[in-house]
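A short write-up of the structure that comes next.
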Amino acid sequence: MKAGLKARSRQIPPGRLQTRDGGVVVRDIELVKALRDTGKDFFALADLEKVTGLDRKSLYVSLNRLLKRRILERTTRGIYVVPGSGSRLERIACQLYFPCYLSFESALSRFGILNMVPYSLSFATTRKTKTIHLLGRQVDYRQIKETLYFGFDHDDGYYIAKPEKAFLDLVYFSTLGKASLPLEELDLDALSRETLRDFAERFPPRVNKRLDELL
182 MKAGLKARSR QIPPGRLQTR DGGVVVRDIE LVKALRDTGK DFFALADLEK VTGLDRKSLY
242 VSLNRLLKRR ILERTTRGIY VVPGSGSRLE RIACQLYFPC YLSFESALSR FGILNMVPYS
302 LSFATTRKTK TIHLLGRQVD YRQIKETLYF GFDHDDGYYI AKPEKAFLDL VYFSTLGKAS
362 LPLEELDLDA LSRETLRDFA ERFPPRVNKR LDELL
């Protein structure tokens, strides 16, 4: 996702800035309003430069103050959010490493099919496998082939696998030795057999073989 702001975003007028000890400080209320007006879920340094009108050096000075006052919160290196803005972690994670969709244990837990809450959020992506930390939560992006990038829906600003696809993604990774199947915690009866068979046709034979064993 591009870091640039949408055309409708606005910059804080120079007259709205205060000078303190030779540095430029953005008024908190004006900054929060300007950031929310952009409609973005998170902000890179380039975004903050455009909104505040500050150069990079002055921005760093202001950021230290804004973080201490919790006007802004750092989600990961170089990425910031406005606390209490309602931005969901899943939405931010999806936009940071697009294309991807929530899958595996995370999606299964969300649907109530997995009777446990995973430590990390797991996404399927066609990009390289990667792990980051957002707002104190581990986020795993697991690479899958482009031919397997299907079977998901859009929900509240991010993409999430259908229950059957999330399960098959997990089975697929388990056949590769990259994930485990917590069968004792899975409610397989909640999955559509018809949808499972339909989706499984696009997976390698070993996944279909494992599916036969499980069903």
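Everything in the sequence shown is counted per this note's numbering, starting at 182 for the first residue and increasing by one.
The beta-carbon is built from N, C-alpha and C at its ideal position, and this holds for glycine as well.
Whose CA, out of LEU372, ILE260, ASP393 and LEU289, lies closest to the CA of PRO363?
Counting from one through the sequence shown, the residue named residue 363 turns up at place 182. Per the Cα distances, LEU289.
What runs of the alpha helix (DSSP H), each 4 residues or longer, lie entirely inside the region 267 to 299?
270 to 277 and 285 to 291
Among the residues of its own chain, which have a CB less than 6 Å from the CB of MET297, if the five just before and after it don't count?
On the sequence shown, residue 297 is found 116 positions in, with the first residue counted as 1. Excluding positions up to five away in sequence, the list reads GLU366.
Rounded to whole angstroms, what's the CA-CA distance from PHE384 to TYR241? Just pull it up for me.
Numbered from 1 along the sequence shown, position 203 holds the residue referred to as residue 384. Numbered from 1 along the sequence shown, position 60 holds the residue referred to as residue 241. Spanning the two alpha carbons is a distance of roughly 48 Å.
Would you decide whether ALA381 is buried or exposed? Buried here means 16 or more other CB atoms lie within 10 Å of its CB.
Here residue 381 refers to the residue found at position 200 of the sequence shown. When all chains shown are included, ALA381 counts as buried.
Does TYR330 come out as helix, strand or coil in the three-state DSSP assignment?
The residue given as residue 330 occupies position 149 in the sequence shown. Correct three-state label for TYR330: coil.
For a test of the three-state rule: what should DSSP assign to LYS450, helix, strand or coil?
In this structure the chain extends from 182 to 396, so residue 450 is not present and cannot be described.
Those runs of the beta strand (DSSP E) which lie wholly inside the region 296 to 323 and span at least 3 residues:
302 to 306 and 311 to 315
Should ARG318 go down as buried or exposed, given a rule of 16 or more other Cβ atoms within 10 Å for buried?
By one-based count along the sequence shown, residue 318 stands at place 137. It is exposed - the Cβ of ARG318 has fewer than 16 other Cβ atoms within 10 Å.
What residues match up with PHE224 in a beta bridge as DSSP calls it?
Along the sequence shown, read from residue 1 onward, the residue named residue 224 stands at position 43. TYR261, per the DSSP bridge assignment.
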